[in-house]
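Peer 1: First the structure, then my questions, so here it is.
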Amino acid sequence: MSTPSCRNSSVLRGTGLADLGSNTVDCPQCGGENPLPSGERLLACQFCSASLFVDRSGVVGHYFLPRLLDADNAVAALKRWMAGNETVKDLDSRSTIEPPEPVSFPVWMFRSRAKGGAETAHIEPAAPTPIPQLADLKVPAGQLRPFEAESQDVPRAEATIPLETARKWLDERGVDGVFESSLVELPLWRCGYSYEGGSFQALVDGSTGAVMAAVYPEKAEAPYYLIAAAGLILFGIEGLLISNPLIKLVVYAITGVPLALIAYWVARKV
Ligand SMILES: [Zn+2]
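First residue of the sequence shown: 777, per our numbering; consecutive thereafter.
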């Protein structure tokens, strides 16, 4: 019998397919041969009780992150993000937040080791999501637990994106030296909110409190560009009209004051 790590890498190269054909899968952790009822994708190894996920291209370890934030914590995390600098001013007080819904969301997690370098973890979504920041999530490796389903009330998004597809995305991102793949179920909170007649959605990571949103009421940048443009034009004209460097300096200073005041006013407003 080969060592578990060797077996693991052979499965990841796709040679685990033969095992799937014969309706048994080899556990990537202990190498034990497990029967696989047809159509099943989840199983626990009979020998080492590892949680496994069966993908078209192989068998991988299956984990979940415990849900550390409850619904109130999730709303609090969302409000902190809304009060932050990325979003439009006062979004936290001016939006109506719906009760957040828990969802268990699957991601592929890859570990890679650069030549002589440290290990890095990479995430790719295992189900379709409109929120690209999922790939930037940090999975706290120490908190990973062998998969067990959350309560009945928590719907689980199914892993419909094949491991192979996620590996291709990883290649496109230029990640080399992948030595381990696994499926991780993330405890997300789906938070809907409305703001000035528009509906928005954000995801809160129930293990870390990180907030992800693709579309949200952003801080308007146009007023800042207008002020900058006005400043450039004013200073430019003054520079052309006034030749005495001392007077030029004084005029620049006088022009700068209202510009700074307008900028301050805009910053308070948007
Ligand atoms: Zn096992």
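We treat Cβ as the ideally placed atom computed from N, Cα and C, and that holds for glycine.
With a threshold of 7 Å, establish whether the CB of residue 823 neighbours any heavy atom of ligand 1.
Peer 2: As a working mapping, residue 823 is identified with position 47 in the sequence shown. True, at least one ligand heavy atom lies under 7 Å from that Cβ.
Peer 1: Looking only at its own chain, which residues have a Cβ that is under 6 Å from the Cβ of residue 849, when we skip the five neighbours before and after it?
Peer 2: Numbered from 1 along the sequence shown, position 73 holds the residue referred to as residue 849. Correct list: empty, nothing qualifies.
Peer 1: Output the boundary residues of the alpha helix (DSSP H) element that contains residue 869.
Peer 2: As a first step, residue 869 must be located in the sequence shown, where it is residue number 93. Counting along the chain, the alpha helix (DSSP H) containing residue 869 begins and ends at 867-870.
Peer 1: Could you compute how far the alpha carbon of residue 976 sits from the alpha carbon of residue 862?
Peer 2: As a first step, residue 976 must be located in the sequence shown, where it is residue number 200. As a first step, residue 862 must be located in the sequence shown, where it is residue number 86. Approximately 15 Å, taken between the alpha carbons.
Peer 1: Assign residue 977 to one of three DSSP states: helix, strand, or coil.
Peer 2: In the sequence shown, residue 977 corresponds to position 201, counting from 1. Here residue 977 sits in strand by DSSP.
Peer 1: With a cut-off of 8 Å, do at least 3 Cβ pairs link the stretch 943-960 to the stretch 865-879?
Peer 2: Short answer: they don't touch.
Peer 1: DSSP three-state label for residue 997, please.
Peer 2: In the sequence shown, residue 997 corresponds to position 221, counting from 1. Reduced to three states, the DSSP call for residue 997 is coil.
Peer 1: By how many angstroms is the C-alpha of residue 834 removed from the C-alpha of residue 963?
Peer 2: Residue numbering aside, residue 963 sits at position 187 when the sequence shown is read from its first letter. Residue numbering aside, residue 834 sits at position 58 when the sequence shown is read from its first letter. Residue 963 and residue 834: Cα-Cα distance of roughly 24 Å.
Peer 1: Go to residue 900, then tell me how far its beta strand (DSSP E) extends in each direction, as first and last residue.
Peer 2: Within the sequence shown, residue 900 is the residue found at index 124, counting from 1. Looking at the DSSP string, the run of the beta strand (DSSP E) that includes residue 900 is 895-901.
Peer 1: Suppose the cutoff is 6 Å on Cβ atoms and the five residues either side in sequence are ignored; what does the same chain contact list for residue 1065 look like?
Peer 2: Nothing can be reported for residue 1065: it is not among the residues displayed for the chain, which extend from 777 to 1046.
Peer 1: For ligand 1, is there a heavy atom less than 7 Å away from the beta-carbon of residue 834?
Peer 2: Residue mapping note: residue 834 aligns to position 58 of the sequence shown, counting from 1. Because no heavy atom of ligand 1 lies under 7 Å away, the Cβ of residue 834 does not count as near it: no.
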